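Trainee: Per our numbering: the sequence shown = residues 115 to 523. Cβ atoms here follow ideal geometry from the backbone N, Cα and C, with glycine treated the same way. Keep in mind that this is a model prediction, so the values were computed, not measured.
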Amino acid sequence: MAGCLFCSEPLRQTFVDLGMSPLCESFLTAEQVNQMEPFYPLHVWICERCFLVQVEEYVRPEGIFTEYAYFSSYSDSWLAHMRAYADMITARLGLGGQSKVVELGSNDGYLLQYFVAKGIPVLGVEPARNVAQTAIARGVPTVTKLFGRQTARELVAEGVQADLVCGANVLAQVPDVNDFVGGIKLLLRPGGVVTVEFPHLMRLMAENQFDTIYHEHFAYFSFLTAERIFAAHGLTLFDVEELPTHGGSLRIYARHAEDASKPVGERAAKLRAREESAGLDRLETYASFTEQVHETKRRLLEFLIGARRRGKRIAGYGAPGKGNTLLNYCGVRTDFVEYTVDRNPYKHGRFLPGTHIPIHPPEKIAETRPDYVLILPWNLKEEIMEQLAAIRSWGGQFVVPIPDVKVYP
Numbered sequence: 115m116a117g118c119l120f121c122s123e124p125l126r127q128t129f130v131d132l133g134m135s136p137l138c139e140s141f142l143t144a145e146q147v148n149q150m151e152p153f154y155p156l157h158v159w160i161c162e163r164c165f166l167v168q169v170e171e172y173v174r175p176e177g178i179f180t181e182y183a184y185f186s187s188y189s190d191s192w193l194a195h196m197r198a199y200a201d202m203i204t205a206r207l208g209l210g211g212q213s214k215v216v217e218l219g220s221n222d223g224y225l226l227q228y229f230v231a232k233g234i235p236v237l238g239v240e241p242a243r244n245v246a247q248t249a250i251a252r253g254v255p256t257v258t259k260l261f262g263r264q265t266a267r268e269l270v271a272e273g274v275q276a277d278l279v280c281g282a283n284v285l286a287q288v289p290d291v292n293d294f295v296g297g298i299k300l301l302l303r304p305g306g307v308v309t310v311e312f313p314h315l316m317r318l319m320a321e322n323q324f325d326t327i328y329h330e331h332f333a334y335f336s337f338l339t340a341e342r343i344f345a346a347h348g349l350t351l352f353d354v355e356e357l358p359t360h361g362g363s364l365r366i367y368a369r370h371a372e373d374a375s376k377p378v379g380e381r382a383a384k385l386r387a388r389e390e391s392a393g394l395d396r397l398e399t400y401a402s403f404t405e406q407v408h409e410t411k412r413r414l415l416e417f418l419i420g421a422r423r424r425g426k427r428i429a430g431y432g433a434p435g436k437g438n439t440l441l442n443y444c445g446v447r448t449d450f451v452e453y454t455v456d457r458n459p460y461k462h463g464r465f466l467p468g469t470h471i472p473i474h475p476p477e478k479i480a481e482t483r484p485d486y487v488l489i490l491p492w493n494l495k496e497e498i499m500e501q502l503a504a505i506r507s508w509g510g511q512f513v514v515p516i517p518d519v520k521v522y523p
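Shown next, in the form of structure tokens:
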């Protein structure tokens, strides 16, 4: 077993073992369904020294992120979240026409478009070519590269220095966290601010969100561990917000360690204390997670078996990465879920990895009138129940699998 991604300590302690799973964003064409499909161990470790929760790297990031099926702009609530962030941070930092905003993992320009509209100069850094092209077409300048110290040096040499470096749901997808945070240090101008959003490990554990674990996510962070990693690269976390997105995320604010103009605030101190009292700095706290996960699998299968025995039809909604972890770990295929639907036309006519459940446009639900719709992106359940309110006309019900199986009439 390799060493910790951050501190190189040998990894000996299991956090949870989710068995074998395919890459969660590798949707299959009809031809590929009849071919051999690679599965990799989805074994998650906890470092005994720095408490970074992490997955072993089986696939090079180039293999995952060169052609990527996830386009951020297909979720309305996510766009609203990012627009609100752009308004808030522009006001808080006094950004304007002389400023520079650099987003790491800028996807299809879903966030930077709001800074462009304000006349604030931006640059996106996005390794997936197909997604970066969408951003460029939208008027968001984007370089197609994986971010790290080397990319940061190249940008600085071209005269790019950022007043704001931001990233949402990118930190977990970085195989070399030291290279990534080291790159941020180089790119951030004196007096600049970094904000990074990531799912909060404390919430993942408390609410049993094991399906947010997949190969594309190399690491899972508490505030305590994030603080340790940024400090090792000369960056101090001075503020933090707790967000409802992705089942509970943190938005951390960092600055150069030597920048005394931004003292460490009360929110950061309080969250650190809460994590310590929850035991996130003790190994035994992490040991009970496995049993929680086993119990969720048993409950979901009990529900599905019972519903099918009563002759009920079940369709899925969404084709998110987390859904693929859940379905593969629980062994749920078309014998339980006939098909799933998604708003992203890129996925239509394809099949979910591993389970080979077909993906259709959302209209399919009204055509087939299933008794239950299993919501796979449960973090968007309110938005989805609103979109599909019409299923109530034939007595259809929604099922949300996490944190526990719940049926919504």
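From Asn-442 to Gly-430, what does the alpha carbon distance come to, in whole angstroms?
Mentor: Spanning the two alpha carbons is a distance of roughly 14 angstroms.
Trainee: Taking only the alpha-carbon atoms, compute the straight-line gap between Val-257 and Gly-296 and give it to the nearest angstrom.
Mentor: Taking the straight line from one Cα to the other gives about 19 angstroms.
Trainee: Among Ser-135, Glu-380 and Val-451, which one has its Cα closest to the Cα of Leu-415?
Mentor: For the residues Ser-135, Glu-380 and Val-451, the minimum Cα distance to Leu-415 belongs to Val-451.
Trainee: What are the boundary residues of the beta strand (DSSP E) that includes Gly-306?
Mentor: Residues 302 to 313.
Trainee: Measure the C-alpha to C-alpha separation of Ala-198 and Val-407 and round it to an integer number of angstroms.
Mentor: Cα to Cα, the separation comes out at about 34 angstroms.
Trainee: For a test of the three-state rule: what should DSSP assign to Phe-229, helix, strand or coil?
Mentor: Helix, per DSSP.
Trainee: Would you grab the beta carbon distance between Val-239 and Asn-221 for me? Rounded to a whole angstrom, and I think it's under 8 angstroms.
Mentor: That pair is no contact at about 11 angstroms.
Trainee: In whole angstroms, what separates the C-alpha of Lys-426 from that of Trp-492?
Mentor: Cα-Cα distance, rounded: 21 angstroms.
Trainee: On a CA-only basis, which of Gln-323, Phe-352 and Arg-126 is nearest Leu-338? Give me that one, please.
Mentor: Comparing Cα positions, the closest option is Phe-352.
Trainee: Check for me: the beta strand (DSSP E) holding Val-446 runs from which residue to which?
Mentor: Run containing Val-446: none; DSSP gives neither H nor E here.
Trainee: Assuming Arg-464 and Phe-141 form a contact by the criterion Cβ under 8 angstroms, report the distance between their Cβ atoms to the nearest whole angstrom.
Mentor: Rounded, the Cβ-Cβ distance is 4 angstroms, consistent with contact.
Trainee: Should Phe-332 and Gln-168 be called a contact, given that it needs their Cβ atoms to be closer than 8 angstroms?
Mentor: Yes.
Trainee: Going by the DSSP bridge assignment, what does Pro-155 pair with across the sheet?
Mentor: According to DSSP, which records beta bridges pairwise, Pro-155 is partnered with Met-134.
Trainee: Out of Thr-404, Tyr-453 and Val-307, which one is the CA nearest neighbour of Gln-471?
Mentor: Checking the displayed sequence, the identity of residue 471 turns out to be Ile instead of Gln. Here the closest residue by C-alpha is Tyr-453.
Trainee: Quick check: is the beta carbon of Arg-342 nearer than 8 angstroms to any beta carbon in chain B?
Mentor: Any reference to chain B falls outside this structure, which holds one protein chain only.
Trainee: Asp-78 lies in the alpha helix (DSSP H); which residues open and close that run?
Mentor: Because the chain in this structure spans residues 115 to 523, residue 78 falls outside the shown range and cannot be described.
Trainee: Can you give me the start and stop residues for the beta strand (DSSP E) that Gln-287 sits inside?
Mentor: It is not in any beta strand (DSSP E) - Gln-287 carries neither H nor E in the DSSP assignment.
Trainee: Three or more C-beta pairs under 8 angstroms: does that hold for the region 150 to 158 against the region 119 to 136?
Mentor: Output reads yes: the region 119 to 136 touches the region 150 to 158.
Trainee: Measure the alpha-carbon distance for Leu-119 versus Leu-364 and round it to whole angstroms.
Mentor: Near 20 angstroms, if we compare the C-alpha coordinates of Leu-364 and Leu-119.
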